[in-house]
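Protein sequence lines correspond, in order, to chains A and B. Residue numbers for the first sequence follow my numbering, beginning at 1097 and rising by one. Residue numbers for the second sequence follow my numbering, beginning at 1097 and rising by one. Backbone N, C-alpha and C fix where the C-beta goes; we use that ideal spot for every residue, glycine too. Since the structure is predicted, the reported quantities are computational estimates derived from the model, not experimental observations. A short write-up of the structure that comes next.
Protein chains: 2
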Amino acid sequence: MELKIGELAKRSGCLVETIRFYEKEGLLPHAARSQGNFRLYGEEHSERLQFIRHCRSLDMTLDEIRDLLKFRDVPQDNCSEVNLLLDKHIGHVADRITELKALEKQLKNLRGLCQTSEAGKDCGILQNLATTEGFEATNLGSHGGGCH
Amino acid sequence: MELKIGELAKRSGCLVETIRFYEKEGLLPHAARSQGNFRLYGEEHSERLQFIRHCRSLDMTLDEIRDLLKFRDVPQDNCSEVNLLLDKHIGHVADRITELKALEKQLKNLRGLCQTSEAGKDCGILQNLATTEGFEATNLGSHGGGCH
DNA sequence: TTAACATCCTGTAGCAGGTACAGAGTCAAG
DNA sequence: CTTGACTCTGTACCTGCTACAGGATGTTAA
């Protein structure tokens, strides 16, 4: 019943370091310790970690997860706040999709400037990238992770 | 003709610190210095920075940009490598769009579990997030920026 | 001339969300 | 009693910047 950190990591499919990181961040409560100062986890830690990993797999930030955990820890009479948080997050994702689609279009236009692969020194792509036209710092400064 | 770093920053729409950062990263060559040790830039720096910022606005990594700059510095007889790099990058973006769409779908499913906002303690969303079903660590471990 | 202020310099720390060590301690098996 | 697998704490690293601190330099007004 008592899991050491490596076993918990295996169960939840994440690294040992990640678990310690979540503890440090306050997402997981401090674990009990063995005589030799090893962390010992129970079923409730395992569930909570599962919850966190599931949220992360849905690309939520640790702050969003923190909020959800609060609702989990102290259930409210209604869950409209949970719904609100989720709706916001869905909004972020939808926005990012829109941005990336616009980006894809620009990149394909750019790629179209050189289909021949013979241009060499006069490569339209490199020339276009050196110009300032057609980009208004659209993507710059906006929050939003990359695609790598 | 000789620009100080602040003027170049204004021209290119980025911060002074960003320019120094690009220099440190080797994307921009070291600038000449004034008597008072101020960096002095010419037209070629300005163009090169424009190139970099344009690439960044297309969400390329600094490594990808480094590669493109190499082709710019030493033009080849053909530009098939430039095309290849661009195609790869378009692939990254397309992949990320696919991922985010799948994510959006999952989130909307999840959101559908609680339309009433009355469930309270039995909120289907919080319960579902605690389960391991329906997520195979899909999003975890993959390279790919978030949506925030 | 001198004071105030803008701009520049270097160097360092911080963001998210971990990952990857180093160097030391703990534990079970042979 | 040693080997090897695991754990501990603490720190540095990743990307692509951003934001200082603390000091030097340059420009303008009184």
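Asked, Found
"Coil, strand or helix - B/Ala1128 by DSSP", "strand"
"A/Pro1061 versus B/Leu1158: straight-line alpha-carbon distance, rounded", "Because residue 1061 of chain A is not part of the residues shown, which for chain A are 1097 to 1244, the question remains open."
"Short-range partners of chain A found in the region 1179-1197 of chain B, where Cβ spacing is below 8 angstroms", "Asn1179, Leu1182, Asp1183, His1185, Ile1186, His1188, Val1189, Ala1190, Asp1191, Arg1192, Ile1193, Leu1196 and Lys1197"
"Beta carbon of B/Leu1203 nearer than 8 angstroms to that of B/Ile1221", "no"
"Residue burial classification, B/Val1170 (beta-carbon count within 10 angstroms, cutoff 16)", "exposed"
"Residue from B/Glu1113, B/Glu1119, B/Glu1098 and B/Cys1151 with nearest C-alpha to A/Ala1226", "B/Cys1151"
"Contacts of B/Lys1204 in chain A (Cβ-Cβ under 7 angstroms)", "Ile1186"
"Closer than 8 angstroms at the beta carbon, the chain B residues around A/Ile1221", "Cys1175, Val1178, Asn1179 and Leu1182"
"Assigned secondary structure, A/Leu1099 (DSSP; H/G/I helix, E/B strand, else coil)", "strand"
"B/Arg1207 vs A/Ile1186 beta-carbon contact at 8 angstroms", "yes"
"Backbone secondary structure at B/Leu1136 - three-state DSSP", "strand"
"Euclidean distance between Cα positions of A/Lys1197 and A/Glu1103", "41 angstroms"
"As assigned by DSSP and simplified to three states, the class of B/Asn1224", "helix"
"Distance between A/Ser1130 and A/Arg1149 (C-alpha atoms, nearest Å)", "25 angstroms"
"Where A/Asp1155 meets chain B, residues with beta-carbon distance less than 7 angstroms", "Leu1199, Asn1235, Gly1242 and Cys1243"
"Interface residues of chain B facing A/Glu1143 [CB-CB closer than 7 angstroms]", "Ala1226"
"CB contact below 8 angstroms: B/Arg1116 versus chain A", "no"
"Residue of B/Gly1242, B/Cys1243, B/Phe1147 and B/Ser1142 minimising C-alpha distance to B/Leu1165", "B/Phe1147"
"Length of the line joining the Cα atoms of B/Asp1191 and B/Val1178", "20 angstroms"
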